[in-house]
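Residue numbers (my numbering): 3 to 540.
For each residue, glycine too, the CB sits at the ideal point set by N, CA and C.
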Amino acid sequence: MAEEYDFDVVVVGAGFAGLYALHKFRDELHLNVRVYEAGDGVGGTWFWNRYPGARCDSESYYYCYSFSPELAQEWEWSGRYPEQPEIERYLNHVADRFELRRDIQLSTRVTAAAFDDEATRWTIRTDRGDTVTARFLVTAVGCLSAPNVPDIPGLDDFAGDVYFTAKWPREPVDFTGQRVGLVGTGSSGIQATPEIAAQAAHLTVFQRTPNFSIPARHKAFLSEDQAKIKDGYDEIFALTRESFAGFPFHPVDRKTMSVPEDERQAILDGLWEEGGFKFLWGGFVDLTRDPEANEIASEYIRNKIRETVKDPETAELLCPKGYPYGAKRPPIDTDYYETFNRDNVTLVDVSAAPIEAITPTGLRTMTAEYELDALVFATGFDAMTGALTRMDIRGTGGVALADAWSDGPRTYLGLQVAGFPNLFTITGPGSPSVLLNMPVAIEQHVDWIAECIEYLREHGCSRIEATEAAQEAWAEHVAEVGEASLFARANSWYVGANIPGKPRVVMPYAGGQPMYRERCEAVRDAGYEGFVLDGAAR
Ligand code: NA7
């Protein structure tokens, strides 16, 4: 039934960010909060991405909330990298434990939000016909949540089933006996490939750009591993808040060229055996900065692919060339390259011969036609901005966020947008977001927003808005740091290159967590410098 209410805060999304925001605003600030969630369950990313093989690339014991020591102690992670169902269970546990459900309206998509200058309130509309108002609008929509459905002619005419990794059905899909086509070889495609190959009669993987993938080396935890983690949580969480990318590890300062070749090889071998993201930053400090150092690591990975994949032609097609390792979000995998040694798996290069059309019976590229019973799109997301601009968010003077960002997103600290008062964007573009361990980025933003709302209340203010000048200066800094970073050197979703027509901008802030946190704290300590509070600039 449609409703009309006024809230202190409306939060959009009930994933990691929305759940914590609700708890923080409601239970600590005692605000009247409503969360809207499009899914029919909580979990956000971990609700929608339930494709075979979906697993977190960060390790369980630091890809979790740190705000509640009790929660950390009572929850038991089963292994190194949790699979989607385990994270979904964790987030459901959080929703129950903190009694969050009563303030979450599921199966409800926010379609529009407009700021009313006179009332200093947001009017929010949903696809269920609700119209509510709120003093503050907080988006917790995730950075990777607006699926990218490629515009391929004939998609609607395909006679078989079509699946999207980002909107996978709740009931498991059975590919037994089927000829399956999978488009996309990012993290999702790389995780799904071995699982689908093990079930399908045949799997054809359509690859546009090969990726540098490192073995995950997943393992189940023993009870002593779990006990050690629980004993260490204080230090783990302290490190995640201090480190460059939100991981609980001490940085290395060794440079690639500073060690003899055989020692370097041994270090890379050790990292390869250990598995996971650590390969990028755990051996040498300069892989992300020095092209020569990066090329050594890149060639090491290519050689591993060549060693693993028996057919030399397929191996070469799987070897990424022309961009540095780490410039695209690095995937990690379980038996991805090994899967191409199976008789029932074929790799098709669609960069040389692009996909032309989906036909009723399969997929046609420029040079060949493939008969398929099912199609899987692992084609990613309109990252960082898509979930925000797909909502009709309008600030002062009715300006649409999509228009304000037509040349690329501009924000102040990734937390606010000039012209959109009382709107806070958790892990918005221009903040470290996806370059940090996400729960760490989320907690920092929610805590900052909560402190800000509390400050406004204490000072009798009802409105806060970033100034154009502060936004310009921050956007310039984000661009400068981004352009100088590794991330500018590949066509990836970090720069919007996966979406035709999207402006090319390094969207996350690449300056690292310490610098970013310091800046956020300095702004707060200066009484919200760069913002206008009830008409008074700070
Ligand atoms: P990604 O990493 O964006 O990967 C999408 C893949 O789909 C990638 O290989 C794309 O090739 C490919 N793609 C996209 N559109 C097309 C078309 N039209 N034709 C052929 N191939 C296409 O998304 P994921 O879901 O795998 O991962 C997203 C993030 O989730 C990941 O980085 C982690 O942070 C978790 P391209 O590289 O653009 O040539």
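By DSSP's assignment, Gly183 forms a beta bridge with Thr206, Leu377. The beta carbon of Ala468 lies closer than 7 Å to those of Tyr414, Gln418, Val419, Ala420, Gly532, Phe533 in the same chain, with the five residues before and after it left out. DSSP assignment within the stretch 389 to 443 yields the following whole beta strand (DSSP E) runs of 3 residues or more, N-terminal first: 394 to 396, 425 to 427.
In the DSSP assignment, Ala538 is bridged to Leu535. Annotation for Glu88: Ser80 place their beta carbon closer than 7 Å to its own, counting only its chain and skipping 5 residues before and after.
Counting only residues of its own chain and dropping the five nearest sequence neighbours on each side, Leu108 has a CB closer than 8 Å to the CB of Ala16, Glu39, Gly41, Asp42, Gly43, Val44. When the five nearest sequence neighbours on each side are left out, the beta carbons in the same chain lying within less than 6 Å of the beta carbon of Arg127 are those of Thr113, Ala114, Thr133, in order along the chain. Note that the C-beta distance between Leu205 and Ile198 is below 8 Å.
A direct Cα-to-Cα measurement between Glu301 and Gly144 gives close to 33 Å. Relative to Ala359, the option among Glu78, Val175, Leu139, Asp153 whose CA is nearest is Asp153. In this structure, Gly248 lies away from Val448, with their beta-carbon atoms at least 8 Å apart.
Nearest to Thr398 by alpha-carbon distance, out of Leu425, Lys323, Leu374, is Leu425.
Excluding sequence positions up to five before and after Leu438, its CB lies within less than 7 Å of the CB of Ala247, Gly248, Gln515, all in the same chain and listed in chain order.
Around the beta-carbon of Tyr511, 16 or more other beta-carbon atoms lie within 10 Å, marking it buried.
Each residue's CA atom was taken as its position, placing Gly188 and Lys330 some 9 Å apart. Measuring C-alpha to C-alpha distances from Glu297 to each of Leu224, Phe214, Ala74 identifies Phe214 as the nearest. Using a Cβ-Cβ distance cut-off of 8 Å, the stretch 382 to 393 and the stretch 492 to 504 are in contact, since at least three pairs of beta carbons, one from each stretch, lie closer than that value. The three-state secondary structure of Val347, taken from DSSP, is strand. At least 8 Å separates the beta-carbon of Thr341 from that of Pro171.
By the Cβ test, the stretch 317 to 328 is in contact with the stretch 480 to 495, since at least three Cβ pairs between them sit closer than 8 Å. At a threshold of 7 Å, Trp495 counts as near the ligand NA7, since its beta carbon sits closer than that to one of the ligand's heavy atoms. Taking all protein chains in view, the Cβ of Gly364 is crowded by 16 or more other Cβ atoms within 10 Å, so the residue is classified as buried.
Non-local C-beta neighbours of Leu21 in its own chain, meaning closer than 7 Å and more than five positions away in sequence, comprise Val44, Leu93, Val96, Ala97, Leu102, ordered along the chain. The residue from His479, Val508, Thr367, Gly416 with its alpha-carbon nearest to that of Leu390 is Gly416. In this chain, Val151 is not harboured by any alpha helix (DSSP H), its DSSP state being neither H nor E.
Distance from the C-beta of Gly45 to the nearest heavy atom of the ligand NA7 is not below 7 Å. Between Ser435 and the set Ser68, Tyr518, Ile451, Ile501, the nearest pair of CA atoms involves Tyr518. If the five residues before and after Pro84 are omitted, its C-beta is found closer than 6 Å to the C-beta atoms of Cys58, Ser62, all from its own chain and listed in chain order. Only exposed fits Arg291, as fewer than 16 other CB atoms lie within 10 angstroms of its CB.
Short of 6 Å from the beta carbon of Thr348, and not among the five residues preceding or following it, lie these beta carbons of its own chain, in chain order: Thr206. Taking a 10 Å sphere around the C-beta of Arg36, we find 16 or more other C-beta atoms and assign the residue as buried. If you draw a straight line from the Cα of Ile444 to the Cα of Leu31, it comes to about 18 Å. Proximity of the beta carbon of Leu146 to the ligand NA7 is indicated: a heavy atom of the ligand is located closer than 7 Å.
At least one heavy atom of the ligand NA7 falls within 7 Å of the beta-carbon of Asn150.
Close CB contacts of Pro362 within its chain, under the 6 Å cut and outside five residues either way in sequence, are with Asp159, Ala161 (chain order). Classified as exposed, Thr178 has fewer than 16 neighbouring CB atoms from the shown chains inside 10 Å of its CB.
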